[in-house]
Amino acid sequence: MIETLGLDSRERWNEVAKSFKDYDIYYSPEYLISFQMIGDGDPILIYYKENGLKAMCALMKRSLKTYGVDDWFDLITPYGYGGFVFEGDMSENNKKVFSKAFKQWVVEHNVVSIFYRFHPQLRTAENAYWYCDPIMLGHTIEMDLTDEDTIWKNMTSKNRNMIRKAEKNGITIEHGLTWELFLEFKVVYDATMVKDNAEEYYFFKEDFYRSIFDNMKDTCEIFYAVYEGKKIAMSMMLHENDRMHYHLSGSVWEYRNLAPSNLLLYEAAKWGSSIGCKIFHLGGGVGSGKDNLFKFKREFNRNSDITFGIGKQICNQEMYDKLVQFCIDGKTDFDKDNKFFPLYRTI
């Protein structure tokens, strides 16, 4: 009824995942491997099939040994988006059968809690009530890549002017996928994270980039803006099954007024359209808010309106409470009223 696949079954994992019409890069083992490299957990794919309904969810499985318990785990969707993708007979009876099977699965696998970041394009939050209580947080932006005319028309006039400005400034956009580009990207990206006062987590090590380079040659592309021979903005795009994602990005601060990122995203969108992608997901703002980052992305499609949400699922309340108490006993400054989930992983 439920099959659990790990990296030792990558061929089977890919076979299952790609059998779904709504398959996306965030459900591929190759994508999850890079986040295993930085300690996010062990990648697994949960695959359910029964009574004409099938479902899948990619997750990172994290040990809880450092919290004083052996053989217990919690799960989290990988960096980006996820949640269960359903396909087939979505009847009320099948809902009940799935819910029962999944509840049994978490018991058998000693799962304490699960945190989901729902996929806004696949709208995985819509059926999340089958297994948790979804919480809608904010909006993300996607671009319609039907053709170049549609891409241009959906932009705001302000953004079109910024793109023209970048072109007049002599900025050109190039792209490729070499290890040298990854190393250059890391330098630009890390400098951007320093400027933005980002958490240590976002300073990815070289092994992280090596994993992407080695495992995602057919689904990754690096775009960069060049001005007077210097790379002043760089972005990593992921693409698969008609969708493209704005994965990671950085720019050289002193050149921001030349609008390199505006032109870069425009050219990347046109490239995505040329290889058959239908949608280019830019994501949202920091913390799902309508901040300057969100407003910048909104300039690329003033007609976009998709919602992002999360899910919090406590699978074993007794063990969850035990882990929280372990933290309270071990940290004099532990804030038990913190909204972070799961609470015992509060930094």
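To convert, note that position 347 of the sequence shown is 346 in numbering that gives the first Met the number 0; the numbers rise steadily by one, no gaps.
Note that CB positions come from ideal geometry on N, CA and C, so glycine has one too.
- The region 225–234 and the region 198–207 do not touch, with fewer than three beta-carbon pairs separated by less than 8 angstroms.
- Note that the region 288–303 does not touch the region 79–93; fewer than 3 beta-carbon pairs, one per stretch, sit closer than 8 angstroms.
- Rounded to the nearest whole angstrom, the C-alpha separation of I140 and I24 is 18 angstroms.
- A contact is defined here as three or more CB-CB pairs under 8 angstroms, and the region 127–146 meets this definition with respect to the region 266–281.
- Of Q316, I172, I305, the smallest CA-CA separation from P259 is found for I172.
- Remark: C-beta atoms of C56 and G310 do not approach each other more closely than 8 angstroms.
- Listed in chain order, the non-local C-beta contacts of E239 below 6 angstroms within the same chain comprise I24, T218, local neighbours out to five positions each way being set aside.
- Distance between L322 and D328, taken at the CA atoms: about 10 angstroms.
- Residue pairing for Y226: DSSP places it in a beta bridge opposite K229.
- DSSP links M142 through a beta bridge to F279.
- A check of alpha carbon separations from I37 across D206, G5, N214, T65 identifies D206 as the nearest.
- Residue M89 holds the alpha-carbon nearest to the alpha-carbon of N50 among S112, M89, A190, L31.
- For the 8 angstroms CB-CB criterion, S250 and A232 form a contact.
- As computed with DSSP, P341 is found in no beta bridge at all.
- Where P42 is concerned, the enclosing beta strand (DSSP E) starts and stops at 41–49.
- Taking 4 residues as the minimum length, the alpha helix (DSSP H) runs contained wholly in the region 178–208 are 178–194, in order along the chain.
- In the DSSP assignment, T149 falls within the unbroken alpha helix (DSSP H) covering 147–153.
- Between the alpha carbons of K95 and W178 lies a gap of roughly 48 angstroms.
- Scanning its chain for C-beta atoms nearer than 8 angstroms, with the 5 sequence neighbours on each side dropped, one finds around L176 the residues F212, K216, C219, E220, I221, in chain order.
- Per DSSP, the continuous beta strand (DSSP E) segment holding Y245 begins and ends at 242–250.
- In terms of Cα proximity to Y26, the closest of N13, F101, F34, S33 is N13.
- Its Cα nearest to that of V186, the residue Y208 stands out among E198, Y208, S18, I45.
- Using a Cβ distance threshold of 8 angstroms, N300 and M161 do not count as a contacting pair.
- Exclusion of the five residues before and after M154 leaves F299 as the residues of its chain whose Cβ lies within less than 6 angstroms of its Cβ.
- Positions of the alpha helix (DSSP H) runs, each at least 4 residues long and wholly inside the region 0–29, are given as 9–16 in order along the chain.
- Judged by DSSP in its simplified three-state form, I134 adopts strand.
- In the DSSP assignment, F333 falls outside any beta strand (DSSP E) and carries neither an H nor an E.
- By the neighbour-count definition (other C-beta atoms within 10 Å, threshold 16), R163 is an exposed residue.
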